[in-house]
Amino acid sequence: MENLDQLKTDLLAQIDNADLAALEDLRVSALGKSGTITGMVKGIGQLPPEDRRDAGQQLNVLKNAVAEAIDAKKDVLEAAALDASLATDRIDVTLPQRPEETGRIHPISQTIDEMVAIFCEMGFTVAEGPHIESDFNNFTALNIPPEHPARQDHDTFYLPPNEEGERKVLRTHTSPVQIRTMVNEKPPIRIVVPGRTFRADHDATHSPMFHQIEGLVIDEATHMGHLKGCLIEFCRVFFDVDDLPVRFRPSYFPFTEPSAEVDIGCSREGGGLTIGAGADWLEILGCGMVNPHVLENCGIDSTKYQGFAFGLGIERAAMLKYGIPDLRTFYESDIRWLKHYGFVPLDVPNVAEGLV
Ligand code: DAH
40 MENLDQLKTD LLAQIDNADL AALEDLRVSA LGKSGTITGM VKGIGQLPPE
90 DRRDAGQQLN VLKNAVAEAI DAKKDVLEAA ALDASLATDR IDVTLPQRPE
140 ETGRIHPISQ TIDEMVAIFC EMGFTVAEGP HIESDFNNFT ALNIPPEHPA
190 RQDHDTFYLP PNEEGERKVL RTHTSPVQIR TMVNEKPPIR IVVPGRTFRA
240 DHDATHSPMF HQIEGLVIDE ATHMGHLKGC LIEFCRVFFD VDDLPVRFRP
290 SYFPFTEPSA EVDIGCSREG GGLTIGAGAD WLEILGCGMV NPHVLENCGI
340 DSTKYQGFAF GLGIERAAML KYGIPDLRTF YESDIRWLKH YGFVPLDVPN
390 VAEGLV
C-alpha cells in the first residue's frame with residue numbers, strides 16, 4: 040500500500056517535470072504493455088483471493104490518476120508550444136505563390152467529348168456496352184458468320200471457354216452495341232457509341248487497346264442521303280473547316296450494304312498535312328446502309344425499317360485534328376506530353392456552336 044502511494048508521488052513528480060518527449064516515455068514505462076502499473080495489474084491474480092478486490096481497486100485509481108496527470112500535462116505543454124510558435128512565427132508576404140497544378144483533359148477524352156457534342160446536337164443519344172462480348176454480338180449478328188474471312192482481319196482476343204463451352208471475346212469494334220440496342224429498343228433509333236476496343240495488334244500505328252465511335256440510325260424512311268448529310272456535316276464541324284471536301288468511296292463491310300469509306304480533303308504540300316481543300320484524300324471513317332440481315336438478326340422488320348451506321352477510330356481523328364504524330368504516346372501517361380497535348384478543363388471550345 041505504501042509502495043503504491045510512493046509510486047504515485049514519484050510518477051506525478053516526474054510528470055510534472057517532463058517535456059513532451061519525456062511524457063510519452065513515462066506513459067509507456069508506467070501504462071504501456073510492459074509498464075510498471077500494467078505489470079502490477081497482471082500480478083493481481085497471484086494475490087490471495089481475499090486481497091484481489093482491494094488491490095484491483097487501488098491499482099485502478101492509481102492508473103487513472105497517472106493517465107489523467109499525463110493528459111493534463113500534455114495539454115499544458117502543447118498549448119505552451121503553440122503560444123511560443125505564434126509569438127515567433129511571421130508570415131512572409133513577399134514569398135512567391137506556390138505553383139498551382141491544374142490537370143489536363145487527355146486528347147482522347149477531349150475528342151470523344153467533341154464528337155458526342157456534335158452528334159447530340161443532331162439528335163443522337165449516347166449508348167454504351169461491355170468490353171467483354173459474346174461472339175454472337177461481336178460477329179455473328181453483324182453478318183460475320185463463323186467462317187467469314189472478315190473474322191481474320193480482327194485479330195481477336197478470345198477468353199478461355201466458360202462452362203457452356205462459349206468463348207467470349209474482347210470486343211474488336213463498337214459495332215456489337217448496335218446489336219444490343221436493336222435487340223432491346225424499338226425504332227426509331229439514333230445512337231452514338233464511344234468506347235474501348237481491342238485487337239491483338241501492336242506497332243507504331245496500332246495498339247491492342249484503342250477507341251472507336253459508332254453511329255446507328257434506324258427509322259422507316261432513312262436513306263443514303265441522310266447518311267451523307269449527317270457525315271459530311273460531322274466532318275466539317277469536327278475539323279472546323281466549313282467547305283471541307285468529303286467523298287464517299289464504295290467499300291465493303293459485312294454489316295452494311297451498300298458500304299462506303301469516307302475520305303476528307305487534305306494537302307500534303309511541303310511535307311506537312313493540312314486538312315481542307317487540296318490535292319489529296321485521307322480516309323477517316325467507314326459507313327453504310329444497315330444490311331437487312333443484321334436488322335432481321337435483331338428482330339427488326341427489314342421491309343419496314345432501314346437505317347445507316349458508321350464507325351471511326353478516335354485516336355486517328357485526334358492525331359489528325361491535333362497534329363499528334365505517334366499513336367503510342369497516347370498511353371504512355373507522360374505528364375510532359377499531357378501538358379503539351381492535353382486540354383485545360385472548363386475551357387472546352389463549344390464545337391457544336393457551328394451547327395445550325
Ligand atoms: N466496325 C468497323 C471496324 O471496326 C467500323 C465500321 C464500319 C462501323 C462501317 C460501322 C460501319 O458501323 O457501318 O472497322
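Residue numbers (our numbering): 40 to 395. For glycine and all other residues, C-beta sits at the position ideal for the given N, C-alpha and C.
Its Cα nearest to that of F175, the residue S214 stands out among S214, V256 and D58. Excluding five sequence positions before and after A357, the CB atoms of its chain that fall closer than 7 Å to its own CB belong to P146, I147, T150 and I363, given in chain order. In this structure, P297 sits near G327, with a CB-CB distance shorter than 7 Å.
The closest heavy atom of ligand 1 lies 6 Å or more from the beta carbon of F175. Between ligand 1 and the CB of F163, the shortest heavy atom gap is not smaller than 6 Å.
Sequence-distant partners of Y291 (beyond 5 residues in either direction) whose C-beta falls short of 8 Å from its own C-beta, in its chain, are S298.
In the DSSP assignment, H241 falls outside any alpha helix (DSSP H), carrying neither H nor E. In the structure shown, G168 falls within a coil segment according to DSSP collapsed to helix, strand and coil. When distances are taken from the beta-carbon of G234 to the heavy atoms of ligand 1, even the shortest one reaches 6 Å or more.
Looking at I218, R210, V208 and H193, the one whose alpha-carbon comes closest to that of D240 is H193. Taken in chain order, the stretch 298-325 contains no complete beta strand (DSSP E) segment of 3 residues or longer.
DSSP, reduced to helix, strand and coil, places P146 within a helical segment of the structure shown.
Rounded to whole angstroms, the separation of the alpha carbons of A189 and E172 is 17 Å.
When beta bridges are read from the DSSP output, A348 appears opposite L255 and G327.
Per DSSP, the beta-bridge partners of V208 are E172 and Y197. CA-CA distance, G352 to V208, rounds to 19 Å. Under the three-pair Cβ rule at 8 Å, the stretch 263-271 does not count as touching the stretch 245-253. L366 is positioned such that its CB atom lies no closer than 7 Å to that of R143. Residue pairing for V231: DSSP places it in a beta bridge opposite V165 and G254. Secondary structure of E296 (DSSP, three-state): strand.
If you look at E63, you'll find it in the alpha helix (DSSP H) that goes L59 to L70. By the C-beta density criterion, N177 is buried, having at least 16 other C-beta atoms within 10 angstroms. Assignment of beta-bridge partners to P185 by DSSP yields no partner. Taking all protein chains shown into account, R129 has fewer than 16 neighbouring C-beta atoms within 10 Å of its C-beta and is therefore exposed. The stretch 338-347 and the stretch 368-376 do not touch, with fewer than 3 CB-CB distances between them shorter than 8 Å. The alpha helix (DSSP H) runs lying completely inside the stretch 257-291 and spanning 4 residues or more are 263-277, given in chain order. Spanning the alpha carbons of I303 and E322 requires a straight line of approximately 7 Å. Of the heavy atoms belonging to ligand 1, none sits nearer than 6 Å to the Cβ of G352. For G82, the number of other beta carbons within 10 angstroms of its own is below 16, and it is reported as exposed.
One thing to note: L121 has its Cβ no nearer than 7 Å to the Cβ of L59.
Annotation for F237 indicates a beta carbon at 6 Å or more from all heavy atoms of ligand 1.
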